[in-house]
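**Q** Numbering (this note's numbering) for the sequence shown: -2 to 517.
Just so it is clear, CB atoms sit at the ideal spot from N, CA and C, and this is done for glycine as well.
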Amino acid sequence: MGAGAVDRDAIVSVTPAGVEAPRLPGFTSAAPPVEIAVSAPLVQPVRLTFDGVGGPEGAVPALLHYDAVVGWYPVEVGETAGPIVAERTALSPFSTGWISSAAEWLRDRAVGKASPPTCGPPPPQWARPAMAKSDMTTGCVTDNSGKVELRIRNNRGLPVEVVVPRGVAYADVQGQNETVRKIIRDYVGGDRVVLMPGQDVTMGWARPSEDTQVRVQTEFTAGTILPGLAMELLGLDDSTSLAALAYFLADCGDAKTLALDVPSSSEVLGVVIKTLVTCAAKAVTSPGGAITAAVSAIAAAYGRDNATVVADREFAGKVDKLANGLRLLGKFVKVYTAVKLAAALTQVVVDSTAPARDRAFVLNLSGSASAQRIATFTGYGGVAVGMTKQQALDKSSTPLSEHRIGPCTYLTDSGGDRPGGLSILLNRDGRVIGIRVPANARTDKGIRVGSTYAQAEAAYRGRPTERDADAGGYHLLVTGPGGAIGFHSLNEAGPVESIAVGREDYAKGFELCSDSEPPS
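1. Report the CB separation of residue 134 from residue 149 in whole angstroms; it is logged as a contact under 8 angstroms.
2. Please classify residue 80 as buried or exposed, where buried requires at least 16 neighbouring CB atoms within 10 angstroms.
3. Using DSSP's beta-bridge definition, name the partner residues of residue 33.
4. For residue 32, which of 315, 10 and 108 has the nearest alpha-carbon?
5. Do you know whose CA, among 97, 105, 61 and 49, lies nearest residue 78's CA?
6. Cβ atoms of residue 436 and residue 484: under 8 angstroms apart, would you say?
7. Please classify residue 220: is it buried, with 16 or more other beta-carbons within 10 angstroms of its beta-carbon, or exposed?
8. To which residues does DSSP link residue 200 through a beta bridge?
9. Considering Cα atoms alone, identify which of 252, 507, 275 and 279 is closest to residue 266.
10. In chain order, what residues of the same chain lie with their CB nearer than 6 angstroms to the CB of residue 119, ignoring the 5 residues before and after it?
11. Taking the continuous beta strand (DSSP E) assigned at residue 137, which residues delimit it?
12. Check whether the stretch 478 to 498 and the stretch 422 to 438 are in contact - that is, three or more C-beta pairs closer than 8 angstroms.
13. To which residues does DSSP link residue 123 through a beta bridge?
14. Could you spell out where the alpha helix (DSSP H) holding residue 362 opens and where it closes?
15. Taking the C-alpha atoms as reference points, what is the distance between residue 165 and residue 115?
16. Near residue 111, what residues of its chain come up, given a Cβ to Cβ distance below 8 angstroms and the 5 sequence neighbours on each side ignored?
17. Drop a sphere of 10 angstroms on the beta-carbon of residue 121, count the other beta-carbons inside from all chains shown, and report buried for 16 or more, exposed for fewer.
18. Hey, which unbroken runs of the beta strand (DSSP E) at 3 residues or more fall wholly within the stretch 422 to 484?
19. For residue 96, which residues from the same chain have a beta carbon less than 7 angstroms from its beta carbon, with the 5 sequence-adjacent residues on both sides left out?
20. Mind checking which residues open and close the beta strand (DSSP E) that includes residue 408?
21. For residue 490, does the three-state DSSP call read helix, strand or coil?
22. With H, G and I counted as helix, E and B as strand and the rest as coil, what does DSSP make of residue 504?
23. If you draw a straight line from the C-alpha of residue 479 to the C-alpha of residue 256, how long is it?
24. Evaluate contact between the stretch 380 to 391 and the stretch 421 to 428, counting only Cβ atoms and requiring at least three cross-stretch pairs below 8 angstroms.
25. According to DSSP, is residue 291 helix, strand or coil?
26. Beta strand (DSSP E) containing residue 68: first to last residue?
27. Of all the options 179, 247, 394 and 157, which has the alpha carbon lying nearest to the alpha carbon of residue 132?
28. Considering just the uninterrupted stretch of the beta strand (DSSP E) at residue 497, what are its terminal residues?
This is the structure:
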């Protein structure tokens, strides 16, 4: 202690600390941790000196401090082998040792591996999922009270962004409170969430009215690699720390907008690393230095004001850890070297340059209204061959009105027999014998207007089929239990221009309504 460190007689004690030695990547302890205490309040900082002698070749000396809330973290690191000095007013366990480049550790962390998430019951029948091919993230799908729920887990050692598609009923990130989510949303964009290593996001969708394909894209971006790399180097591993760093880095130049899915991704990572060091250096040299920057970032991440963070001892360790991390970040990068760091992040390049489709989760959702627009051999939209007129009116999923052409009676969806509309023909007894389905319908095998005849034959392979042609065009008839489906086109191979179901003669396209009487 220097002169004036205390204003009264005091005793300085150094005793073995009752905490476990630090386990940080690349750190080698010089001696067991010690507890340093002064029996009087400090007026000025205590100088702690470590000679740095005896470490591994190429390693640099480091002094680590222990906080009961945030654990071990560095308070001073050398740039070369030799003595280091730390001035401290907060005393508790300290550990001396050396840090060597742990790029291999960072590489293994970047590759990451986490056990895949588990889900409950299978998804609803109206949801058909396709999982991402890349193992950058893993996922599962389930039924949650009638909604289809997708759970995605980050399978890497750095933060991963997930693009939240429109129409989602909810998107919840495990362990992220609203304050943290807001900072991250502001940082990466409102339609994205960020997952820490091993963290999940759970999204849910109600059944849409129309057939819908939902695509959930996952990706590394420079914007999240920037705080993610800082977290790895500083030993931070939680969403709140991510939010604090995101807040600090929000105005850190344009590096976070750089694209990683390009052949020059390695060069981009070099720019990101350089930006990280530059921003940290600005924090140290700005008014108030790293402490002020850390207080503001921690206050934002916890939704408190700066004065509360400064006054509340609960935040002291968090502020000290982040402030020292920002202050020492440039030294850490020198220890690791930017080249080695970029090389250690090769997996990021591999993941980022993989096709976007391989990093996407896809949900094909059958719409509730679409489900009613399925044509079978015997009916469509709730109406079946053999129903009376009143039954058809009552059962139809589409409002119908009666329409007459000569002696024949039709039930239509528009009051007229318009092209592309729904038209139901009744026989002389007032019962349904055939249905021309609307243009937006599809068969139970997925064939619709626009499909080719080859696709229709493939879909109904194993069923009796018959091709025919007349002055009205080309016809493909498929017969099945209780009826038939006819596909009609002006071209021999299609595409299908209209679909008729029901009695075989109707489905073939025969004219059943004569000038004198309705069909039997």
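**A** Let me spell this out:
1. That pair is a contact at about 5 angstroms.
2. Residue 80 should be labelled exposed.
3. In the DSSP assignment, residue 33 is bridged to 11.
4. When C-alpha distances from residue 32 are compared across 315, 10 and 108, the shortest belongs to 10.
5. Looking at 97, 105, 61 and 49, the one whose alpha-carbon comes closest to that of residue 78 is 49.
6. With contacts defined as CB atoms closer than 8 angstroms, residue 484 and residue 436 fail to qualify as a contacting pair.
7. By the neighbour-count rule (16 or more Cβ atoms within 10 Å), residue 220 is buried.
8. Its beta-bridge partners are 147 and 168.
9. Answer by Cα proximity: 252.
10. The same chain holds no residue with a CB closer than 6 angstroms to that of residue 119 once the five nearest residues on each side in sequence are set aside.
11. 134 to 141 is the extent of the beta strand (DSSP E) around residue 137.
12. Three or more beta-carbon pairs separated by less than 8 angstroms link the stretch 478 to 498 to the stretch 422 to 438, which places the two stretches in contact.
13. BP columns for residue 123 are empty, so no partner.
14. No alpha helix (DSSP H) contains residue 362, which is instead part of the beta strand (DSSP E) from 357 to 362.
15. Straight-line Cα distance between these residues: approximately 21 angstroms.
16. Within the same chain, residue 111 has close Cβ partners 135, 150, 151, 152, 194 and 195.
17. Counting every other CB atom within 10 Å of its CB across the protein chains shown gives residue 121 a total of 16 or more, marking it as buried.
18. With a minimum length of 3 residues, the continuous beta strand (DSSP E) runs that stay inside the stretch 422 to 484 are 429 to 433, 462 to 467 and 470 to 477.
19. Hits under 7 angstroms: 23, 24, 56, 57, 59, 74 and 332.
20. Here the beta strand (DSSP E) through residue 408 covers 405 to 409.
21. If DSSP states are grouped into helix, strand and coil, residue 490 belongs with coil.
22. Of the three classes helix, strand and coil, the one that applies to residue 504 here is helix, per DSSP.
23. Each residue's Cα considered, the two are about 58 angstroms apart.
24. Taking a cut-off of 8 angstroms on C-beta distances, the stretch 380 to 391 touches the stretch 421 to 428, as three or more cross pairs fall below it.
25. Helix, per DSSP.
26. Residue 68 -> beta strand (DSSP E) spans 68 to 74.
27. Looking at 179, 247, 394 and 157, the one whose alpha-carbon comes closest to that of residue 132 is 157.
28. Where residue 497 is concerned, the enclosing beta strand (DSSP E) stretches over 495 to 499.
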